[in-house]
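**Q**
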Amino acid sequence: MNKPFAITLDVGTSLVNKTGSWRTERPVYVDRLPPCNNACPAGENIQQWLYLAEEGNYEQAWREIVKHNPMPACMGRVCYHPCEDFCNRARLDTAVSIHSVERFLGDLAIRNNWRVKPDAPSTGRHVLVVGAGPSGLSAAYHLARMGHRVTIYEAGPWAGGMMRFGIPKYRLPRDVLDAEIRRITDLGVTIKLNHKVADLDQTMRSEKFDAVFLAVGAHLAKRAYIPAGDAGKILDALQLLRGVEAGDQPLLGRRVLIYGGGNTAMDVARSAKRLGASEAIVVYRRTREKMPAHDFEVREAEEEGVMFKWLSTIKAESEGKFTVEKMKLDDKGKPQPTGEFETMEADSCVLALGQDVDLSFLSRVTGLTITDGVVEVGPDMMTGRRGVFAGGDMVPAERTVTVAIGHGKKAARYIDAFLRDTTYTPASKHEVAKFENLNTWYYTDAPATVQPALDAARRISNFEEVVGGLDESNALFEARRCLSCGNCFECDNCFGVCPDNAVIKLGPGKRFEFNYDYCKGCGMCSTECPCGAIRMEPETI
Amino acid sequence: MFEVRIHGRGGQGVVTAAELLSIAGFEEGFWAQAIPSFGSERMGAPVVAFCRLNECEIRSREPITSPDAVIIQDPTLLHQVKVFEGLSPGGYVLINSSRSLDQLGIGEFVDKLPRGHAACLPATELALRHVGRPVPNAALLAGLCAITGRLKPASIEAAIRRKFKGEVGEKNVAAAREAFAMFANVEVKEGARAHAQAV
Amino acid sequence: MSGPQRVKFYQTGTFTVGNRLLDVSVRSVQSDRSRNNSLNSGHRACQGCGEALGARYALDAAMRAVNGKLVVANATGCLEVFSTPYPESSWRVAWLHSLFANAAAVGTGMAAAMRVKGRHDVRVIAQGGDGGTVDIGFACLSGMFERNDDVLYICYDNEAYMNTGVQRSSATPAAARTATTPAVGDQPGNVFGQGKNVPLIAMAHGIPYVATASVCDLRDLEYKVEKAMGFHGARYLHVHVPCPLGWGCDTGDTLKVARLAAESGLFPIFEAEYGEITGRRAIRKRVPVDDYLRMQSRFAHLFKGRGDPARVAMIQAIADRNIRRFGLVSEGAPA
Amino acid sequence: MLRQCEGSQAVAEAIGLCRPQVICAYPITPQTHIVEGLGALVKSGALANCEYINVESEFAAMSVAIGASAAGARAYTATASQGILYMAEAVYNAGGLGLPIVMTVGNRSIGAPINIWNDHTDSMALRDAGWIQLFAEDNQEAVDLHIQAFRLGEELSLPVMVCMDGFILTHAYERVDIPTQEQVDQFLPPYEPRQVVDPDNPVTIGAMVGPEAFMEVRYLAHAKQLRALELIPELAAEFKQKFGRDSGGLIRSYRADDAETIVVGLGSVNGTIKDVVDEMRNEGIKIGGVSICSFRPFPTAALSTALGRAQRIITIEKSLSVGIGGNVSHNLRMALPDRNTTVYTVIAGLGGRPITRASLKKVFRSALDGLLEPVSFLDLNLPVVQRQLERERLERRTGPAAEAILRDLNTLPAAVH
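Protein chains in written order, with this note's numbering: chain R, 53 to 593; chain P, 2 to 200; chain V, 71 to 405; chain L, 660 to 1076.
This is the structure:
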């Protein structure tokens, strides 16, 4: 058509007008560190696996977890999920129940028998791991995936460490634990049970280990001095829990005192109920608010009928009568004795005051530094002795299973570098995605799903798992509650809200690009990005 | 050229009368021109229309100021409007009235016209009887034919039928025919002061 | 509101432009890489222009709804000026601009032409700003409604004459400062008049479909465009499109300010069929009008110094009345 | 077929034969009978495949026509007087966009004071809107010009205004030959637009054009009008060949070849002028007439030839360019370069004032005698205006002039009582 001059124009011709020249600020896509990832002791990329899970890519999601953590089914149960404490969603409604999704994925993997394979060819190097607890298993797993041969020496009859001896079955069913350990051995890791390392140097020499990772944990119960008429009435928590694990029926009696305020105290109190005690009373020197045990453990214990005696210390025992001194908190929140005493009758008392590391086998290893009963390690998890690395409860750190798993991973990376004679440099961290970076308007109101729980009456009669798993729809729901803080999740908002069509959508999984030829720098994409993945930066003039 | 001026009131069909006359003229092969001179007048206001008949093309479009015939649809206009202004000395006058020219008080004026050039016709009565509504045009145009002899009754009837289809047309034709008959009865051409009486 | 699909269980529900978890057929038009881009890049609208965005939203949705068989009449105004300076056009639809006041009538003409040419597949949209719709183009608009011509008229309401430099229109809200309603004297800004609610006036014509929408709720807007294209006869869609320049807000806050207008109740979002209200978009997180007003320098005089709480209260009363009148807060929802 | 019928009815039937596809109508005296006639044709089905839109204003009428035409339909409307001013913006727009809309203007004066009768002020007010303006001399020509107008407009992609005098033509019953559908179809092919709003081949029409191209756009519109100067006579010739009669063209001369005095007019007044020319020729005066059919484009060259050796030219103008005199004479001087011809402007017939043969003859004679003022007003009641001018000289607040004049004319009491 011969179009009338200037009256009729061809469509879409304004593309020659590059309005990008108007811009004084430019949007850039950024990746910020999600607070959950930042908080995860195991260094999991939580947001990423939630992203995969919310689309139903469960296996991919699981594989994302096991890049960092070999035991999702266990961790989904026993991790105290600091990730959830930092979850930005908590400020919107409630935190994403990350652990329950992890558990769902972990269970699914067990059910479907998903396996992992080494990611690298065999290096021919051989690493000794001492201790088959979470830290040792984690290190062994990662090293194996890196192509190294790994042998774990475990002094006890079972692998699992504190996961087995410290955590009751009702929190971590043993078939789950066994399945995840089996996945590690299937990867090629050898576990030698009942194999105590007496002389590390000798063992390394004789077996030609190229490196060693020490992860013996902290299995010596701390004791408090309690003059007792009947020493048999006082036992420690590990002793009790280990006995239960071995199938013993420790004689606790009807009325049991548990002395301590940590998670172990809760585990003991709840186990005591299951072992037939009609009264389990936690005696703690401070208040509930000051108690180190996690709130959910306390809550579940209360539901099961565990009682608490706050601001009290046990001073002595005589003929089933425990002398208890009342405490008061000073200005700094520390308990101070009051000189007021009372008497509590009980059939037994379990001390849950913490554990120490059994360092005896290291006594002849030179170069180690031991401070406050734990082995000093550098940022690379290496001890003062070259080639000897350590992690878990035996090094200075918070003593949780997840921290231990993280230590294992971290140590494995440095051990790998050590073996390859290279340097491992951790990736620099992005800035943390703050709640203020988000545009929460776009998130649907969706409070967390409540995991099913056994009712209290049924719980205390056996060691069945208390907290149930999510079914698939619930797990999806939870996964989809993730705000994807700081990282593009392809919601298309930038693509949609740009008045200048200056955002290019690259297709599924490929995110977006700005077309700076047309972007006028209005900033709408940045304001309307739900997850704070776009930053406006001044144009250089 | 034969020029007719029609006086009436809005709503009485003055314009239609001129149009009918022009159609009748056209039917007989004349060049005819009907022009209303109306505007924003409403029902009841005095209005005027013109009709020219000619042997050849009519080019001029000025209003008719010196008519050859004047039709007055409403005798009440006689004393309000200069209905006879410019009427040629040999012109014709036809008034819609059941009264006589003398009774209308214009006997003296029409006496100046040639004999038989002025008449009254109770056209509204005829219309009411035949058509059922006070539309005097058909009868008046028949009367004009009768007193002027300019057009044939058949042409008027044809024009009426062109303008009004079906029953309405026929009723108007009936009114026109009776008007003719009335003039035939009183032989208006013989008397200057003819007065067509209803039979 | 029966409205767009409300999906549960998704981290962003359906508030965002895209949602990869939805079935492709129910994803928004704007999330589609092959969307029409009816208003293309390179147009000369200001940074953060709500009208440019609204027009692309609406026309892209219409293009999808009618399978590309669309012709558009456009009134004079910002939208026309910034999109078609010779020799470039930003439009990717068959588009005609005639005059300021006549878009509705031009639309009527196009619809008549399509009918008589037997092009029953081709649908017509007429569009303009608030000036070209509620003021100068109002007569043509009403005529189009009254005849029930097969045209969807879309008004992009940015509440003043922005093209000519921010003068008051009859869509300018009370107390707003414009170039012709300065913030001086006893009655600063625009008067508290009776208002001129063209959607309600449109409803009074009894036409098949009337709706309000906002650029802050894309899915609602797309749903309404699609719904409107499902009707034949006269239809009216009134879209709230903030103007950062005229309203005095940050260019990146266009949608935010639009959202606050809706969430405060100052801009009620509803739909009506044949003169009866059939749906409303419930307020999700109700905010006081202060939140909305404070974002915009056109209302700055209401907060300067000791402020003007009386006038702010009057504006709040308008919002409250809208909420009552249109039922914008559902029972039991947090107020 | 020859018919005795009203001009408006004839025009309506002619328009119908042109197969318009969209008709937009808003009533205004004296155009109403045309659009009523068309409404009946559409309603009865006699005019098939046509949308008849009853709009709410003239502005909407032209706007609907713009939309329809741009979308590829043959569009028609009609108006008059205040109506064309009310649609003025859209009239210019259609011209600027080059949309071949045909519009009948039943010429009528423009108020205030409000007046419904004929003159040419309305068309003249829009003479520069980029439309072709054709003036019909009688109802036969009005019919014929409409048929030519569609052909002309669509060929050039320009809108065409057919002007016919209100009442004098629109309401006059005359003998008119209405062509057959076959004849019209042979002359006027279906509309093939030069630009069209079509989703299958989308374009942007009506872009904003800045200083860099606006002059060129205007020049091209001008060039199209100049092209019309060739096309109008061509179409008139083809029309004569197909329909057997002279109609349209740029101008028509009447006994002007040897005329020393030539009277120039637009529209129906030419008939009256011809009668006067005949009378005066009979008296031995070398007088003739030239009727301008195409006022836009203005037929400068054709007039230059036609006005030949005339010594004096008298334009009879039905519009007043207030403050200078006549539009026609003003334009006409462009056709008379370097000549000593005297051009008299006679403003006549404003607001329906009858233009009588007697008055014309008087004014022609006065021109022949060299007594005519360069600009004069036919049959102006001089005493009345002089009295009013005197009043205004004496007194600041004389009240409304029109009322005062009516009082002088002694017609006001009749209207009051």
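Glycine residues also receive a C-beta, built at the ideal position from the N, C-alpha and C atoms.
This one's a predicted model, so the numbers in the text were calculated from it and none came from an experiment.
Between Glu610(R) and chain V, is the shortest Cβ-Cβ distance under 7 Å, so that the two count as touching?
**A** Lying before the first or after the last residue shown, residue 610(R) is absent from chain R, which here runs from 53 to 593.
**Q** With 7 Å as the C-beta to C-beta threshold (strictly closer), list the residues of the region 125-142 of chain V near chain L in chain order.
**A** Listed by position along the chain: Gly138, Lys139, Leu140, Val141.
**Q** Considering only residues of the region 333-382 of chain R, which uninterrupted beta strand (DSSP E) runs meet the minimum length of 3 residues and lie entirely inside it, listed in chain order?
**A** If we require 3 residues or more, the beta strand (DSSP E) runs fully inside the region 333-382 of chain R come out as 359-361, 364-370, 373-381.
**Q** List the residues of chain V that Cys709(L) touches, going by C-beta distances under 8 Å, in chain order.
**A** Counting from one through the fourth sequence, the residue named residue 709(L) turns up at place 50. Simply Val186.
**Q** On the premise that Ile277(V) lies in contact with Ala241(V), defined as a C-beta separation below 8 Å, what is that separation, rounded to the nearest angstrom?
**A** The residue labelled residue 241(V) in the question sits at position 171 within the third sequence. The residue labelled residue 277(V) in the question sits at position 207 within the third sequence. Going by Cβ atoms, the distance from Ala241(V) to Ile277(V) rounds to 20 Å, so no, they are not a contact pair.
**Q** How is Asn267(V) classed by DSSP in three states: helix, strand or coil?
**A** Counting from 1 along the third sequence, the entry for residue 267(V) is found at position 197. Note: Asn267(V) maps to coil in three-state DSSP.
**Q** With DSSP collapsed to three states, give me the class of Thr1000(L).
**A** Here residue 1000(L) refers to the residue found at position 341 of the fourth sequence. Looking at Thr1000(L) - three-state DSSP - the assignment turns out to be coil, as it is neither helix nor strand.
**Q** Quick check: the Cα distance between Gly436(R) and Thr421(R), rounded to an integer number of angstroms?
**A** Within the first sequence, residue 436(R) is the residue found at index 384, counting from 1. Within the first sequence, residue 421(R) is the residue found at index 369, counting from 1. Computed Cα separation, rounded: 6 Å.
**Q** Can you confirm whether the region 300-308 of chain R touches the region 318-334 of chain R when touching is taken to mean that 3 or more C-beta pairs between the two stretches lie within less than 8 Å?
**A** Counting Cβ pairs under 8 Å, three or more are found: they touch.
**Q** Output needed for Met232(V): all residues of its chain with C-beta closer than 6 Å, excluding positions within five of it in sequence on either side, in chain order.
**A** Along the third sequence, read from residue 1 onward, the residue named residue 232(V) stands at position 162. Closer than 6 Å at Cβ, skipping near neighbours: Cys148, Cys313, Gly316.
**Q** Which first and last residues belong to the beta strand (DSSP E) in which Ala342(V) is found?
**A** Position 272 of the third sequence holds residue 342(V). Looking at the DSSP string, the run of the beta strand (DSSP E) that includes Ala342(V) is 340-343.
**Q** Do three or more CB pairs link the region 845-856 of chain L to the region 56-69 of chain R at distances below 8 Å?
**A** Flag = yes, the region 845-856 of chain L and the region 56-69 of chain R touch.
**Q** Provide the residue(s) that pair with Met2(P) in DSSP beta bridges, ordered along the chain.
**A** Stepping through the second sequence from its first residue, residue 2(P) is reached at position 1. Answer by DSSP bridge pairing: none, since Met2(P) is not bridged.
**Q** Quick check on Leu1048(L): buried or exposed, where buried means 16 or more other Cβ atoms within 10 Å of its Cβ?
**A** Reading the fourth sequence from its first residue, position 389 is the one you call residue 1048(L). Exposed.
**Q** Using a Cβ-Cβ cut-off of 7 Å, state whether Leu61(R) counts as contacting chain L.
**A** Numbered from 1 along the first sequence, position 9 holds the residue referred to as residue 61(R). Yes, contact with chain L.
**Q** In its own chain, which residues sit with a C-beta less than 8 Å from the C-beta of Ala368(R), not counting the 5 before and 5 after it?
**A** The residue labelled residue 368(R) in the question sits at position 316 within the first sequence. Here the set comprises Ile278, Pro279, Ala280, Phe374, Thr375.
**Q** Would you please verify whether the beta carbon of Thr1001(L) is less than 7 Å from any beta carbon of chain R?
**A** Along the fourth sequence, one-based indexing puts residue 1001(L) at 342. Output row for Thr1001(L): interface = no.
**Q** I want to verify the contact list: residues of chain V whose CB lies under 9 Å from the CB of Ala872(L), in sequence order.
**A** As a first step, residue 872(L) is located in the fourth sequence; it is residue number 213 there, counting from the start. Per Cβ cutoff of 9 Å: Tyr156, Pro157.
**Q** At a CB-CB cut-off below 8 Å, which residues of chain L make contact with Phe57(R)?
**A** Within the first sequence, residue 57(R) is the residue found at index 5, counting from 1. What Phe57(R) touches in chain L: Ala872, Glu875, Val876, Leu879.
**Q** Against Thr77(P), what residues of chain L qualify as contacts under a CB-to-CB distance less than 7 Å, listed in chain order?
**A** Working through the second sequence from its first residue, we reach residue 77(P) at position 76. The contacting residues do not exist; Thr77(P) stays about 15 Å from chain L at best.
**Q** Between the beta-carbon of Ala231(R) and the beta-carbon of Ile286(R), is there less than 7 Å?
**A** If you number the first sequence from 1, residue 231(R) lands on position 179. If you number the first sequence from 1, residue 286(R) lands on position 234. Cβ atoms of Ala231(R) and Ile286(R): not closer than 7 Å.
**Q** Measure the Cβ-Cβ separation of Ile693(L) and Thr763(L) and say whether it is below 7 Å.
**A** The residue you call residue 693(L) lines up with position 34 of the fourth sequence. The residue you call residue 763(L) lines up with position 104 of the fourth sequence. It is a contact, given that the beta carbons lie within the stated cut-off.
**Q** Please say whether Gly259(V) and Thr251(V) have beta carbons closer to each other than 7 Å?
**A** As a position in the third sequence, residue 251(V) is number 181, starting the count at 1. As a position in the third sequence, residue 259(V) is number 189, starting the count at 1. Yes. Within cutoff.
**Q** When the cut-off is 7 Å and only beta carbons count, does Ala719(L) lie next to chain V?
**A** By 1-based counting over the fourth sequence, the position of residue 719(L) is 60. By this cut-off, Ala719(L) is an interface position.
**Q** Starting from the C-beta of Leu1009(L), find all residues in its chain whose C-beta is less than 6 Å away, skip the five residues before and the five after it, and write them out in chain order.
**A** Against the fourth sequence, residue 1009(L) aligns to sequence position 350. Cβ within range, chain order: Asp778.
**Q** Under 7 Å between C-beta atoms, does Met71(V) make it to chain R?
**A** Counted from its first residue, the third sequence places residue 71(V) at position 1. With a pLDDT of only 39 at Met71(V), under 50, the local geometry of the prediction cannot be trusted, and the value read off the model is given with reservation. No, no contact with chain R.
**Q** Spell out the partners DSSP gives Glu77(R) in its beta bridges.
**A** On the first sequence, position 25 is the one that residue 77(R) refers to. Note: Glu77(R) sits in a beta bridge opposite Pro590(R).
**Q** How long is the line joining the alpha carbons of Arg338(R) and Ala321(R), rounded to whole angstroms?
**A** The residue you call residue 338(R) lines up with position 286 of the first sequence. The residue you call residue 321(R) lines up with position 269 of the first sequence. In a straight line, the C-alpha of Arg338(R) is about 17 Å away from that of Ala321(R).
**Q** When DSSP labels each residue in this structure, what does Tyr466(R) get in the three-state scheme?
**A** Within the first sequence, the letter at position 414 stands for residue 466(R). Of the three classes helix, strand and coil, the one that applies to Tyr466(R) here is helix, per DSSP.
**Q** So, with DSSP's three-state summary, where would you put Tyr223(V)?
**A** Stepping through the third sequence from its first residue, residue 223(V) is reached at position 153. Residue state, collapsed to three classes: strand.
**Q** With a cut-off of 7 Å, does the C-beta of Thr863(L) fall near any C-beta of chain V?
**A** For this step, residue 863(L) is matched to residue 204 along the fourth sequence. So yes, Thr863(L) belongs to the interface.
**Q** Would you decide whether Pro379(V) is buried or exposed? Buried here means 16 or more other CB atoms lie within 10 Å of its CB.
**A** As a position in the third sequence, residue 379(V) is number 309, starting the count at 1. When all chains shown are included, Pro379(V) counts as exposed.
**Q** So that I know if they touch, is there some Cβ in chain V lying closer than 7 Å to that of Glu665(L)?
**A** Position 6 of the fourth sequence, counted from the start, is the residue given in the question as residue 665(L). It does not; no Cβ of chain V falls within 7 Å.
**Q** Got a sec: which bits of the region 829-861 of chain L sit with their beta carbon under 8 Å from any beta carbon on chain P, in order along the chain?
**A** The region 829-861 of chain L vs chain P, Cβ under 8 Å: His830, Ala831, Tyr832, Glu833, Arg834.
**Q** Between Leu315(V) and chain R, is any beta-carbon pair separated by less than 7 Å?
**A** The residue labelled residue 315(V) in the question sits at position 245 within the third sequence. By this cut-off, Leu315(V) is not an interface position.
**Q** In chain L, what lies closer than 8 Å to Val176(V) by C-beta?
**A** Along the third sequence, read from residue 1 onward, the residue named residue 176(V) stands at position 106. Chain L residues near Val176(V): Ser722, Val723, Ile725, Gly726, Ala729.
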